[in-house]
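Numbering (my numbering), first residue to last: 6 to 227.
In C-alpha cells form, the structure reads like this:
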C-alpha cells in the first residue's frame, strides 16, 4: 500500500504508539491495531481522491486520514487543519520527520480560516462530527464543484438521510456512500462522498469568503 514510503509509514506508526499515546492523541488500546484500524483504513481513501488535487484534512487530530493519504499520494497538496496546539505541534513534528514536503500544518478551526485558506478541491475528515455539522465546517472550504470525503461507519446512510436539509442549504448537489480498500482492509472502509455545486456553503458563505478575501481577515465565530 505504501510502496517505497513504507519505512516512513512504519515511523509514523511508531510515533503514534509512543508520542501519540503520551500526548493523548490516540488511546493506548488502539496501539495493537494501529495498522488495520488507522493507517490502512485511512490510506485506502486514496482510491477515491482525484489525481493532483488540493486537499484539506479538517480536524486532523493525530493526522488521520491526512498523513496516511500523504504517504500514498505524493501528487496531492495537503493541508492538515487542526485547532489544538498540542496536536498541531505533533503534526508538524511528523511532517518534518517524514519529509512530507507536500503537506502543510495549519492551526485553526474551519470557520476561522474561511477566506484566508485557499479553497481546495477535496476536504477529508475522520471521526470529527456528525455529517450535518461536519459539512457545515468542511463544505465552505471547497472550490466550486469540489467534494468532501468523510470516513464513516455503519450509520453512513442514516447520517446522509438525517443531514439532507442541511446539505441542501450548503449547496450540496450529490451524495453517495462508497466502500474502499478491497484486498487491503476487512471490513472495507466506508466513505461518504459529498459533491457541491457552484456555491460551496451556499450564498451566505460565498459572501463571507468574498469579504474575507477583500479584507484579508476572517471574523471569528462566537
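Just so it is clear, CB atoms sit at the ideal spot from N, CA and C, and this is done for glycine as well.
So, are the CB atoms of residue 63 and residue 54 less than 8 Å apart? No, Cβ-Cβ distance for residue 63 and residue 54 is not below 8 Å.
Take residue 17 and list the residues in its own chain whose beta-carbon comes closer than 8 Å to its own, dropping the five residues that flank it on each side. 44, 68, 72, 73, 76, 99, 103
Pairwise C-alpha distance: residue 13 and residue 92: When rounded, the distance between both Cα atoms is 19 Å.
Considering only the alpha carbon of each residue, which of 97, 194, 147 lies closest to residue 161? 194
Boundaries of the beta strand (DSSP E) in which residue 106 is found, first to last residue: Careful: residue 106 lies outside any beta strand (DSSP E) and carries neither H nor E.
Taking C-alpha atoms, which residue in 144, 135, 110, 101 lies nearest to residue 87? 110
Could you pull the DSSP bridge partners for residue 130 from this structure? 155
Selection from 30, 173, 22, 29 that minimises the alpha carbon distance to residue 5: It is not possible to answer for residue 5, since the shown part of the chain is limited to 6 through 227.
Go ahead and pull the three-state DSSP assignment for residue 225. Caution is warranted here: a pLDDT of 49 is assigned to residue 225, below 50, making its placement in the model unreliable, and no coordinate value can be reported.
If you reduce the DSSP assignment to three classes, tell me which class residue 62 lands in. strand
Tell me whether residue 87 sits in a helix, a strand or coil according to DSSP, three-state version. strand
Those residues which DSSP pairs with residue 194 across a bridge: Bridge pairing for residue 194: 185 [DSSP].
Are there any heavy atoms of the ligand COA lying less than 7 Å away from the beta-carbon of residue 60, as far as the coordinates show? The ligand COA is absent from the structure shown, which contains no ligand whatsoever.
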